[in-house]
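Visitor: First residue of the sequence shown? That's 166 in the working numbering, and the numbers climb one at a time after it.
Submitted below is the structure of interest, expressed as structure tokens.
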Amino acid sequence: MFRIPSGLDGAPWILRLFILWSVLVSGSLLAQAPDVFLFDLQELGSFGEDNGIYAYSVGTTSCNIGSVELLWHANDSFHPVIGQEMYRYYDGVLEQIGVSWLKHSFCALSLNACGSCQPTDCDTLGIGCSDPYSAGLNGQQSNLGPRSQVNAHTGVFPYPVDPPMPPFVTVVDRRLQVAQALIDPALNPNTLYFVSGHYISPDDAQGGNGDNNVAYRQVTVSDNPASFPLNFVAGSPTQSGEPGIQAWQDYDPQVVIEEVRVPGEGLMLLGYKVTDLGAGQWRYDYALYNMNSDRCA
166 MFRIPSGLDG APWILRLFIL WSVLVSGSLL AQAPDVFLFD LQELGSFGED
216 NGIYAYSVGT TSCNIGSVEL LWHANDSFHP VIGQEMYRYY DGVLEQIGVS
266 WLKHSFCALS LNACGSCQPT DCDTLGIGCS DPYSAGLNGQ QSNLGPRSQV
316 NAHTGVFPYP VDPPMPPFVT VVDRRLQVAQ ALIDPALNPN TLYFVSGHYI
366 SPDDAQGGNG DNNVAYRQVT VSDNPASFPL NFVAGSPTQS GEPGIQAWQD
416 YDPQVVIEEV RVPGEGLMLL GYKVTDLGAG QWRYDYALYN MNSDRCA
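Right, dumping it as structure tokens:
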């Protein structure tokens with residue numbers, strides 16, 4: 166949050182800026198190449214806490230809605246990686262409160278959750294086919310790699326991970342991490358929570374089909390300090406192909422979201438809301454979501 170500098174407290178405006186970070190790649194729904202689409206967030210995992218930080222994971226189901234098989238090699242860099250995030254909507258503002266490392270996928274099942282499927286072996290996701298990853302697999306620490314090694318725009322990354330990853334020691338290492346102060350129901354009344362997932366894959370990125378690799382879904386937090394487990398909200402299905410920042414506008418129609426395309430590179434989304442406080446005072450809230458720009462902001 167950016168607060169007004171000292172000496173400007175009497176100015177008739179308030180500015181708050183939140184940066185929401187994600188690693189996706191750009192694209193369209195009508196693909197002439199492989200096109201991995203995040204179809205469903207179908208499971209939640211809770212792993213306990215360490216030193217006031219709680220660990221979670223989100224199960225994801227992807228579909229290849231493109232016209233070419235999507236590469237899914239376990240032992241080289243031609244496979245999707247899967248990220249997970251968490252957000253809270255409080256006091257009219259959406260904040261990103263947690264991120265995970267990236268799950269390195271290893272086998273595509275080519276199922277039919279998305280409709281007609283042309284199944285293939287484990288090394289590719291067939292045309293029209295779906296592939297589920299449970300919350301357990303997406304939270305498996307040994308297969309989670311650093312985001313910093315993945316180019317968000319091109320989808321290129323080294324594999325095996327180079328340099329090697331530091332060892333995981335606690336239950337929260339590498340997983341989706343959220344601080345207790347941001348998730349404890351007793352400390353956060355009147356707060357809405359959302360989880361999101363996203364896929365990055367080099368052949369999907371090279372085909373220009375990465376803007377639909379993300380989805381979000383509303384969750385609640387159970388009042389159990391041992392793990393503060395998450396639950397999906399009945400009647401609130403996965404918002405397929407929609408980034409986490411979209412929850413802000415979906416739950417507050419006064420929010421405006423505009424695309425900011427980095428020339429020759431990735432996509433960012435700028436959300437903002439202007440509130441008339443009366444007596445000539447205004448409040449300005451901003452959120453910048455980096456969908457797939459490796460240059461960042």
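We treat Cβ as the ideally placed atom computed from N, Cα and C, and that holds for glycine.
Using CA atoms only, rank isn't needed, just tell me which of 401, 228, 386, 299 is closest to residue 395.
Guide: Within the sequence shown, numbered from 1, the residue matching residue 395 stands at position 230. Checked all of 401, 228, 386, 299; the closest Cα to residue 395 is 386.
Visitor: Let me know if residue 364 comes out buried or exposed under the rule of 16 or more other beta-carbons within 10 Å of its beta-carbon.
Guide: Numbered from its first residue, the sequence shown carries residue 364 at position 199. Flag for residue 364 reads buried.
Visitor: Over the uninterrupted alpha helix (DSSP H) stretch that includes residue 301, give me the two end residues.
Guide: Here residue 301 refers to the residue found at position 136 when the sequence shown is read from its first residue. Unbroken alpha helix (DSSP H) run through residue 301: 300-303.
Visitor: Counting only the same chain and skipping the five closest in sequence on each side, list residues whose C-beta sits under 8 Å from that of residue 327.
Guide: Locating residue 327 in the sequence shown gives position 162, counting from the first residue. Taken in chain order, the residues that qualify are 314.
Visitor: Measure the C-alpha to C-alpha separation of residue 235 and residue 450 and round it to an integer number of angstroms.
Guide: Mapped onto the sequence shown, residue 235 falls at position 70. Mapped onto the sequence shown, residue 450 falls at position 285. Answer to the nearest angstrom: the Cα atoms are 39 Å apart.
Visitor: Would you mind sorting residue 460 into buried or exposed? The rule is 16 or more other CB atoms within 10 Å of its CB.
Guide: Looking up residue 460 in the sequence shown gives position 295. Exposed, by the Cβ-count rule.
Visitor: According to DSSP, is residue 324 part of a helix, a strand, or is it coil?
Guide: For this step, residue 324 is matched to residue 159 along the sequence shown. In this structure, residue 324 counts as coil in the three-state DSSP scheme.
Visitor: Candidates 296, 422, 343: which alpha carbon is nearest residue 438's?
Guide: As a first step, residue 438 must be located in the sequence shown, where it is residue number 273. Checking every option, the nearest Cα to that of residue 438 belongs to 422.
Visitor: In terms of alpha-carbon separation, which member of 420, 440, 367, 336 lies closest to residue 211?
Guide: Your numbering for residue 211 matches position 46 in the sequence shown. It is 336 whose Cα lies nearest to the Cα of residue 211.
Visitor: How far does the beta strand (DSSP E) with residue 344 in it reach, from first residue to last?
Guide: Residue mapping note: residue 344 aligns to position 179 of the sequence shown, counting from 1. Here the beta strand (DSSP E) through residue 344 covers 341-344.
Visitor: Can you name, in chain order, every residue of its own chain whose Cβ lies under 8 Å from the Cβ of residue 218, other than the five neighbours on each side?
Guide: Start at 1 with the first residue of the sequence shown, and residue 218 comes out as number 53. Within the same chain, residue 218 has close Cβ partners 337, 342, 343, 344, 345.
Visitor: Taking buried to mean at least 16 other C-beta atoms within 10 Å of its own C-beta, is residue 447 buried or exposed?
Guide: Translated into positions along the sequence shown, residue 447 becomes position 282. Classification of residue 447: exposed, given that the 10 Å Cβ count is below 16.
Visitor: Helix, strand or coil: how does DSSP classify residue 388 here?
Guide: Numbered from its first residue, the sequence shown carries residue 388 at position 223. In the structure shown, residue 388 sits in coil (DSSP, three-state: anything other than H, G, I, E or B).
Visitor: So, residue 209 versus residue 362, is the Cβ gap smaller than 9 Å?
Guide: Here residue 209 refers to the residue found at position 44 of the sequence shown. Here residue 362 refers to the residue found at position 197 of the sequence shown. Result no, Cβ atoms of residue 209 and residue 362 do not sit closer than 9 Å.
Visitor: Put residue 447 into one of helix, strand or coil per three-state DSSP.
Guide: Mapped onto the sequence shown, residue 447 falls at position 282. Reduced to three states, the DSSP call for residue 447 is strand.
Visitor: Check this for me: beta carbons of residue 246 and residue 310, under 9 Å apart or not?
Guide: Counted from its first residue, the sequence shown places residue 246 at position 81. Counted from its first residue, the sequence shown places residue 310 at position 145. Their beta carbons are under 9 Å apart, which means residue 246 touches residue 310 by this criterion.
Visitor: Is the CB-CB distance between residue 456 and residue 376 below 9 Å?
Guide: Here residue 456 refers to the residue found at position 291 when the sequence shown is read from its first residue. Here residue 376 refers to the residue found at position 211 when the sequence shown is read from its first residue. Taking 9 Å as the Cβ cut-off, residue 456 and residue 376 qualify as a contacting pair.
Visitor: Please list, in chain order, all residues of the same chain as residue 255 whose beta carbon is under 8 Å from its beta carbon, the five residues on each side excluded.
Guide: The residue labelled residue 255 in the question sits at position 90 within the sequence shown. Answer for residue 255: 353, 355, 356, 357, listed in chain order.
Visitor: Between 279, 272, 297, 278, which has its C-alpha nearest residue 285's C-alpha?
Guide: Locating residue 285 in the sequence shown gives position 120, counting from the first residue. Closest by alpha carbon: 272.
Visitor: For residue 312, which of helix, strand or coil comes out of DSSP?
Guide: Looking up residue 312 in the sequence shown gives position 147. Note: residue 312 maps to helix in three-state DSSP.
Visitor: Have a look at the DSSP bridge pairing and note the partners of residue 359.
Guide: Looking up residue 359 in the sequence shown gives position 194. Answer by DSSP bridge pairing, in chain order: 252, 383.
Visitor: Checking the sheet assignment: what are the DSSP bridge partners for residue 146?
Guide: Outside the displayed span of the chain (166 to 462) sits residue 146, for which this structure offers no information.
Visitor: Quick one: what does DSSP say residue 199 is sitting in, helix, strand or coil?
Guide: One-based indexing of the sequence shown puts residue 199 at position 34. The answer is coil: DSSP assigns residue 199 none of H, G, I, E or B.
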